[in-house]
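A.B. asks: Mind having a look at this structure? Questions to follow.
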Ligand SMILES: [Zn+2]
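Residue numbers (the working numbering): 971 to 1103.
The structure is reproduced here in structure tokens:
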């Protein structure tokens, strides 16, 4: 499953980060998922809850923020959101995305990311916020 592979990467990255900070546990993991990452939030949480067992993440909560996709048209220069209804069909591996103004080809500016924005760690009972880019 797509979500499992992605979450596996997130869990690995967070555990490495926790190790660097000598964390004793991880409380929260805050991730941003773009509309065009084609990840189902419920599946992501399910994968996270499965993969976190027996790790520092065992008691961690996963917080997900959905990021709206932004595109720029190569033809007319339109920059902004996609047509919402075009985002409904999530069955395609490579979605066909067109400009809502002129149906021209577009560049995707944002919306494909799946990034860890913030991790809340516990280091010897002191809470520490870690911003990651
Ligand atoms: Zn256009």
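All C-beta atoms, glycine included, are put in the ideal place defined by N, C-alpha and C.
(1) Using a Cβ-Cβ cut-off of 8 Å (strictly less than) and excluding sequence neighbours within five positions of residue 1064, which residues of its own chain qualify?
(2) Considering residue 997, what are the terminal residues of the alpha helix (DSSP H) in which it resides?
(3) Would you say the beta carbon of residue 1048 comes nearer than 7 Å to a heavy atom of ligand 1?
(4) Looking at C-beta atoms only, is the number of pairs between the segment 1007–1020 and the segment 1040–1047 that lie closer than 8 Å three or more?
(5) Alpha carbon to alpha carbon, how far is residue 1093 from residue 975? Give it in angstroms, no decimals.
(6) Can you tell which of 1008, 1034, 1069, 1005 has the C-alpha that lies nearest to the C-alpha of residue 998?
(7) Per DSSP, what kind of secondary structure is residue 1020 in: helix, strand or coil?
C.D. replies: The answer reads as follows:
(1) Taking the first residue of the chain shown as position 1, residue 1064 is located at position 94. In this prediction, residue 1064 has a pLDDT of 49, which is less than 50 and means its spatial position is unreliable; what the coordinates show is noted afterwards. So the list is empty, once near-sequence residues are dropped.
(2) As a position in the chain shown, residue 997 is number 27, starting the count at 1. Segment 995–1004 is the beta strand (DSSP E) holding residue 997; no alpha helix (DSSP H) there.
(3) Locating residue 1048 in the chain shown gives position 78, counting from the first residue. True, at least one ligand heavy atom lies under 7 Å from that Cβ.
(4) no
(5) Along the chain shown, read from residue 1 onward, the residue named residue 975 stands at position 5. Along the chain shown, read from residue 1 onward, the residue named residue 1093 stands at position 123. The alpha-carbon atoms of residue 975 and residue 1093 are separated by roughly 28 Å.
(6) As a position in the chain shown, residue 998 is number 28, starting the count at 1. For residue 998, the nearest C-alpha among the options comes from 1034.
(7) The sequence position of residue 1020 within the chain shown is 50, counting from 1. Residue 1020 falls in the helix class under three-state DSSP.
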